[in-house]
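One structure is given here, and the rest of the page talks about it.
Residue numbers (the numbering used here): 78 to 310.
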């Protein structure tokens, strides 16, 4: 069991949002806002990675279900598994999606799925808040659960992007300087992702820039990596 330092703080934050706002607004704010726009963009990115309607998807840090909600509205007929560390977020996500979608509280650095059972594993705005070794361990287990040829899709922050520097790094530095540290913002450079992928046995398919649109909904704002489990593994 991974004892993430942020779990209790996140649970309190979500509980506060639920008390202070209507439930739909609270659940959007809990995952950073823009529920509809970001959910559509995440779906567009998965389609760009090769998503079809019959695949099996694992969504790490699924939150209140931005992706799963729009996935269910897109005609997707495959299997969906989402995990998060806050039960109230999972409950909300489940309430807005078909009964066969699975949502699991899981606080370990692993994926609660069988070997070679997943077509696409994704992590949007998750590795951006973890330590590097935590992200690496998740990637290692995602390789295990992916089918040969399956894809790993995750978003990340990078220092070479002025936008990422301004909205993530500068506020983090300012908060630390004034003695009010907030949630962790972690940057991962593309060279690091390439090294991790090579060490683990992934094949790098491509990067999507944070300002690059993968569909009609527009750009995500974070960069995205698409890696593939080799068909021979």
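Heads up, the beta-carbon is just placed ideally off N, CA and C, and yes, glycines get one too. Fair warning: this is a prediction, and the values are worked out from it, not measured in the lab.
Under the three-state reduction of DSSP, which class applies to residue i: helix, strand or coil?
i, result
"residue 78", "Reliability fails at residue 78, whose pLDDT of 47 lies under 50, so the model's placement of it is uncertain and the value that follows must be treated cautiously. If DSSP states are grouped into helix, strand and coil, residue 78 belongs with coil."
"residue 203", "coil"
"residue 173", "coil"
"residue 235", "coil"
"residue 108", "coil"
"residue 116", "helix"
"residue 255", "coil"
"residue 305", "strand"
"residue 208", "coil"
"residue 87", "helix"
"residue 99", "coil"
"residue 230", "strand"
"residue 248", "helix"
"residue 223", "strand"
For residue i, collect the residues of the same chain with a Cβ closer than 6 Å to its Cβ; drop the 5 residues on either side in sequence, then sort them by chain order.
i, result
"residue 201", "119, 232"
"residue 265", "233"
"residue 179", "158"
"residue 203", "137, 138"
"residue 126", "228, 230, 303"
Out of the options, which has the shortest C-alpha to C-alpha gap to residue i?
i, options, result
"residue 244", "262, 228, 256, 227", "262"
"residue 175", "106, 150, 166", "150"
"residue 144", "84, 93, 170", "170"
"residue 277", "229, 94, 168, 165", "229"
"residue 269", "105, 100, 209", "209"
"residue 108", "141, 89, 130", "141"
"residue 274", "125, 302, 105", "302"
"residue 116", "254, 104, 213, 148", "148"
"residue 88", "225, 251, 309, 167", "167"
"residue 122", "102, 98, 198", "198"
"residue 104", "222, 163, 131", "163"
"residue 225", "260, 194, 308, 291", "308"
"residue 173", "131, 124, 84, 100", "100"
"residue 187", "196, 177, 193, 211", "211"
"residue 181", "102, 111, 135", "135"
"residue 194", "98, 132, 84", "132"
Say yes only if the C-beta of residue i is nearer than 8 Å to one or more non-hydrogen atoms of the ligand ATP, and no if none qualify.
i, result
"residue 146", "Absence of the ligand ATP is noted for the structure shown, with no ligands found whatsoever."
Below 7 Å CB to CB, which residues in the same chain sit around residue i once its five sequence neighbours on both sides are set aside?
i, result
"residue 183", "160, 189"
"residue 267", "235, 284"
"residue 205", "232, 233, 234, 262, 263, 299"
"residue 287", "238, 240, 241, 296, 297, 298, 299, 300"
"residue 129", "none"
"residue 279", "220, 229, 304, 305, 306"
Tell me which residues share the same chain as residue i and place their Cβ nearer than 8 Å to its Cβ, disregarding the 5 neighbours each side in the sequence.
i, result
"residue 78", "Summary for residue 78: the model assigns pLDDT 47, below 50, so the residue's position carries little reliability; its value from the coordinates is reported in the next sentence. Answer for residue 78: 184, 185, listed in chain order."
"residue 271", "281"
"residue 152", "130"
For the segment 125-199, which segments carrying the beta strand (DSSP E) assignment without a break, of at least 3 residues, lie completely within its bounds, in sequence order?
133-137, 156-161, 179-182
Decide yes or no for the touch test of the segment 214-222 against the segment 245-253: beta carbon pairs closer than 8 Å, at least 3 of them.
no
Segments assigned beta strand (DSSP E), at least 3 residues, entirely inside the segment 259-299
280-285, all fully within the segment 259-299.
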